[in-house]
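In the working numbering, the protein residues as written are 18 to 590.
Laid out in structure tokens, this is it:
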């Protein structure tokens with residue numbers, strides 16, 4: 018039974034990941050900062066584990082808890098996950114509801130707390146041998162709870178949307194119950210179920226503007242009580258307990274004062290304070306007037322902010338480290354490369370086929386036509402998963418899947434160029450034809466510092482890696498349809514720039530209007546001070562962009578790596 022519940026929890030978490038962008042778009046309470054989906058995606062990531070929930074899963078959930086919605090959900094799960102140990106579903110829900118309400122210093126109706134209450138009431142009649150109709154009954158009750166949220170919170174009513182946190186919890190539990198009862202075929206797009214309630218049409222500003230969003234972990238002092246972590250610390254205070262450890266979230270305009278106050282209550286082991294800002298216009302409008310939208314994998318060197326600016330739908334894979342599975346665009350690069358340098362194992366993973374299908378469904382439900390520029394099929398199974406799902410569509414011409422044969426910066430550059438073109442394009446064939454040109458003409462040089470990380474990831478034999486590092490060999494590779502192809506090597510880091518300049522000068526003229534995408538790992542300063550100026554001098558008319566290397570790639574090639582993707586001027590006509 019444990020594996021059955023683990024699979025259902027994973028399905029719920031993956032469904033939230035798929036609809037996270039929509040949750041961000043309608044996030045207006047308690048702060049209109051467009052991060053409810055992001056926070057739930059981070060907080061629920063520990064449940065995405067194809068091997069089932071392992072020992073310490075609750076500790077990982079508490080550690081991952083982020084933001085107001087993510088922290089409340091983690092508090093609920095601290096009780097609800099007793100189902101893994103055999104607790105009846107109804108009793109586990111009651112425990113979760115009580116833990117969630119206890120975690121919030123100033124609970125409000127019209128939030129996910131209302132949905133938890135509705136779930137507890139709905140499960141009071143949960144049979145020992147449930148049928149699919151029992152799941153549908155519960156889902157309908159939760160649907161009603163979500164619809165009531167605008168009448169319970171003035172900020173939601175003014176904005177014309179349901180509560181993003183409550184909707185996120187609904188998305189989770191609909192995925193959970195449909196999977197639990199083998200009824201996933203009856204899942205339907207959230208945009209269809211809540212049509213007319215998912216677009217901000219009025220003033221959606223929350224009551225608290227400015228300041229900081231704080232997430233901290235501490236061990237309370239012996240004389241400290243849970244009541245000490247109350248509303249006097251700030252706004253939206255949420256506390257999640259795990260034994261003698263406490264995860265805390267709050268909003269404050271005095272982060273130093275909050276930090277001092279918390280330090281007086283316990284030993285702090287983690288502290289993060291991010292400025293609270295309004296959701297960007299790109300998030301709120303979604304560039305809805307664009308005829309064809311571009312979707313791609315985060316395996317291309319493209320950050321979440323860059324994707325939002327360009328109107329690109331970005332699909333995550335996962336990084337796995339210290340038993341944690343975290344979406345790659347939400348993983349701290351500094352933490353990754355520090356861990357790799359220290360010799361800690363790091364790997365990458367894809368979501369399930371169900372999770373990927375949900376992502377495609379979510380994107381197509383919100384945008385009429387999509388072109389999916391997928392990471393090369395030699396690197397992942399994403400192309401096959403997308404093409405398989407496309408066959409189920411009544412209008413397959415609205416979802417085009419392109420195997421780019423690329424990854425890292427080459428994929429990132431292709432996608433940037435196609436997204437820029439798609440802003441003014443009028444049809445799918447027009448965008449697809451331009452994408453073919455970009456795929457043909459874009460290339461990349463990836464400069465590795467050490468071979469041992471490829472060995473650790475199984476992409477190079479141990480003997481070759483040992484002797485390569487012993488001899489100081491630094492390979493130069495290019496991601497191509499047939500895989501990562503070695504195209505050269507150098508003996509020192511200093512020779513890498515010479516190799517790049519020589520390679521590019523043999524293929525392009527000085528006056529060519531190139532587009533270059535520089536990518537860094539833990540060496541941004543080197544790129545900006547040495548490499549970029551040399552490229553600007555060699556190609557004065559080039560458009561040069563700098564961005565972090567895809568963490569999917571970084572997890573295989575390690576710190577010290579850098580890359581340059583390149584493309585000649587392409588016709589936009």
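By construction, the Cβ of each residue, glycine as well, lies at the ideal position given by its N, Cα and C atoms. Everything numeric in this text was worked out from a predicted model, so none of it was measured.
query                                                                                                                                  : result
Own chain residues within Cβ distance below 6 Å of residue 343, not counting five before or after                                      : 62, 336
Uninterrupted alpha helix (DSSP H) stretches inside the segment 227–312 (no shorter than 4 residues)                                   : 272–280, 298–302
Outcome for residue 268 when other beta-carbon atoms lying within 10 angstroms are tallied against a minimum of 16                     : buried
Burial state of residue 58 (16 or more Cβ within 10 Å)                                                                                 : buried
Residue 264 burial status per 10 Å Cβ neighbour count (16 or more: buried)                                                             : buried
Residue range of the unbroken alpha helix (DSSP H) whose run includes residue 322                                                      : 321–327
Per-residue burial, residue 85 [other beta carbons within 10 Å of its own, 16 or more giving buried]                                   : buried
Cα-Cα separation, residue 27 to residue 99                                                                                             : 16 Å
Backbone CA spacing between residue 386 and residue 403 [nearest angstrom]                                                             : 14 Å
C-beta contact flag for residue 593 and residue 53 at 8 Å                                                                              : No answer is possible for residue 593: it lies beyond the span of the chain, which begins at 18 and ends at 590.
Alpha helix (DSSP H) segment containing residue 557, residue limits                                                                    : Taken as a continuous stretch (DSSP letters only), residue 557 belongs to no alpha helix (DSSP H), as it is neither H nor E.
Cβ-Cβ distance between residue 120 and residue 80 below 8 Å                                                                            : no
Close Cβ partners of residue 555 (< 6 Å) along its chain, the five nearest in sequence each way excluded                               : 518
Local Cβ density within 10 Å of residue 148, reported as buried at 16 or more and exposed below that                                   : exposed
CB contact flag (residue 510, residue 522, <8 Å)                                                                                       : no
Residue 308 vs residue 390 beta-carbon contact at 8 Å                                                                                  : no
Contacts around residue 498, its chain only, beta-carbon distance under 7 Å, and the 5 residues preceding and following it disregarded : 393, 395, 422
Cutoff 7 Å; reference residue 33; Cβ partners in own chain excluding five residues on either side                                      : 57, 58, 61, 185, 188, 189
Reduced DSSP secondary structure (H/G/I, E/B, other) of residue 504                                                                    : strand
DSSP three-state assignment for residue 224, whether helix, strand or coil                                                             : Here the model assigns residue 224 a pLDDT of 43, short of 50, so the residue's position is not dependable and the matter cannot be decided.
Nearest neighbour of residue 44, chosen from 178, 260, 82, 232 [CA to CA]                                                              : 178
Helix, strand or coil at residue 391 [DSSP, three-state]                                                                               : strand
Validate contact between the segment 208–217 and the segment 231–240 using beta carbons, cut 8 Å, 3 pairs                              : no
Through-space distance from residue 434 to residue 409, alpha-carbon basis                                                             : 30 Å
Among 95, 495, 376, 465, nearest to residue 31 - alpha-carbon criterion                                                                : 376
Alpha-carbon spacing of residue 319 relative to residue 280, whole angstroms                                                           : 37 Å
Touching by the beta-carbon criterion (3+ pairs, under 8 Å), the segment 248–266 and the segment 110–130                               : yes
C-beta atoms of residue 183 and residue 132 nearer than 8 Å                                                                            : yes
Beta-carbon contacts of residue 113 that lie in its chain and below 6 Å, excluding the five residues immediately before and after      : 93, 96, 97
In DSSP terms, what residue 385 is bridged to                                                                                          : Bridge partners of residue 385: none, in fact.
Inter-residue spacing [alpha-carbon to alpha-carbon] between residue 323 and residue 443                                               : 23 Å
Three-state secondary structure assigned by DSSP to residue 116                                                                        : helix
Cβ pair count under 8 Å reaching 3, the segment 140–155 against the segment 286–294                                                    : no
Span separating the alpha-carbon of residue 140 from that of residue 107                                                               : 5 Å
Environment of residue 74 [buried if 16+ CB atoms lie within 10 Å]                                                                     : buried
Other residues of its chain near residue 514: CB distance less than 8 Å, five sequence neighbours each side excluded                   : 547, 548, 551
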